[in-house]
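Some notes on the structure that comes next.
Numbering (the numbering used here), first residue to last: 692 to 781.
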């Protein structure tokens with residue numbers, strides 16, 4: 692029951708963070724790792740690195756960081772899988 696309460700609070704409790712307060716060096720390092728994972732087609736690594744970035748740099752709660760990372764990594768690899776050679780240009 693305690694675990695369910697924690698998950699509900701983590702996911703649904705409103706929170707306000709100052710997103711302008713982050714470490715630019717650490718963010719750049721994490722961002723570089725995420726790009727490398729993206730180009731090397733390693734979705735699990737991208738997911739974990741994005742979750743770490745959301746937690747450490749943007750102060751996301753633990754569970755919410757994984758939900759956000761799932762959506763971000765999923766969108767990145769959906770975009771990467773699209774065949775742009777089939778797009779017609781005007």
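Every residue, glycine too, gets a C-beta built ideally from N, C-alpha and C.
Separation of the CB atoms of residue 729 and residue 767 is rounded to 6 Å, and the pair is thereby assigned contact status at 8 Å. Counting other Cβ atoms within 10 Å of its Cβ, residue 756 reaches 16 or more and is therefore classed as buried. By the neighbour-count criterion, in which a residue is buried when 16 or more other Cβ atoms sit within 10 angstroms of its Cβ, residue 738 is buried.
Residue 753: member of the alpha helix (DSSP H) spanning 753-772, first to last residue.
Excluding the 5 residues flanking it on each side, residue 741 has same chain C-beta neighbours closer than 7 Å at 725, 760, 763, 764, in chain order.
Looking at 732, 745, 743, the one whose alpha-carbon comes closest to that of residue 772 is 732.
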